[in-house]
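To get this note's numbering, take the position in the sequence shown, counting from 1, and add 6. Just so it is clear, CB atoms sit at the ideal spot from N, CA and C, and this is done for glycine as well.
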Amino acid sequence: MSYKKEIRIFWQVGVSRRQVDLVVSAVKLFLKHTEAEDKITVKIGEAIDLRFFKELNYFFWRGFLNGNRIMDYLSYGHQNCNPDFHAILLARSRFFMAVDGKKKMVNGLAEKGRAALVFIDQPGRLKNPYARKRITLTVIHELGHVFGLISEKRKEDVLLSFGRYRHCGRNCAMYPDTGIIDYLDLEKRIFCPECRLELKNFFSTGNEP
């Protein structure tokens, strides 16, 4: 039995349709590289008002979005939260993640088996090829986490980054630093052989992450 589930894309109020279209292309690129194009449907959702997720109490982080709260909302509280699809939310405002009381500004977050949050930046940034590539790679990276990367079986071969997720230590979209952008041709190869095999096996067997 193969894995069949929908990916639904949502966005912060103010994100442009061109930005949404870029993310749709990034999701389809992920599915192409994992040979899951016939298993996952990509659909457009709706705009979400994220004003209530802004940090108000701390001077440095004031105005930033609280990524942890948004992920809880996406995974368990959003009105369209549904076990039949995975949600990707695009944020044009900066957000942070917090672990053990420490905050860190990040470009993406993901909840295994559920949803992802991606920093999409301002609409004008799409004129910059590097920015477009960063956004594409971030979407692909977070989808990798949603679909189970990195597996427990590969603990000894990966880097433990800040937060909850293990990352790949090779030239791979699952590397924890966006500096990997300079080394990846997104059309030819985005995952190392191990990560690609894990994803292909997952989509072919239908086992939940």
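Residue i in three-state terms, based on DSSP
i	result
Val-26	helix
Ala-122	strand
Lys-110	strand
Met-77	helix
Arg-100	coil
Leu-95	strand
Leu-37	helix
Leu-218	The structure shown has nothing for residue 218, since the chain only spans 7 to 215.
Opposing strand residues paired with residue i [DSSP bridges]
i	result
Glu-117	Ala-121
Val-105	Lys-108
Cys-178	Its beta-bridge partners do not exist; DSSP assigns none.
Leu-1	No answer is possible for residue 1: the residues shown for the chain start at 7 and end at 215.
Limits of the alpha helix (DSSP H) - the one that residue i falls within
i	result
Ala-137	135 to 152
Bounding residues of the beta strand (DSSP E) (the contiguous stretch that carries residue i)
i	result
Val-48	46 to 54
Phe-16	11 to 18
Given 8 angstroms, three or more beta-carbon pairs between the segment 72 to 85 and the segment 35 to 47:
Taking 8 angstroms as the limit for Cβ pairs, the verdict is that the segment 35 to 47 does not touch the segment 72 to 85.
Specify whether the segment 114 to 121 and the segment 144 to 153 touch according to this definition: at least 3 beta carbon pairs, one from each stretch, less than 8 angstroms apart.
yes
Mind listing, in chain order, the continuous alpha helix (DSSP H) runs of no fewer than 4 residues lying wholly within the segment 187 to 214?
Those alpha helix (DSSP H) runs which fall completely within the segment 187 to 214 and span 4+ residues are 199 to 211.
Evaluate the contact criterion for the segment 53 to 61 versus the segment 7 to 27: three or more CB pairs, one atom per stretch, below 8 angstroms.
yes
May I ask you to verify whether the segment 187 to 196 touches the segment 131 to 142, counting CB pairs closer than 8 angstroms and requiring at least 3?
Counting C-beta pairs closer than 8 angstroms gives three or more between the segment 187 to 196 and the segment 131 to 142, which meets the contact rule.
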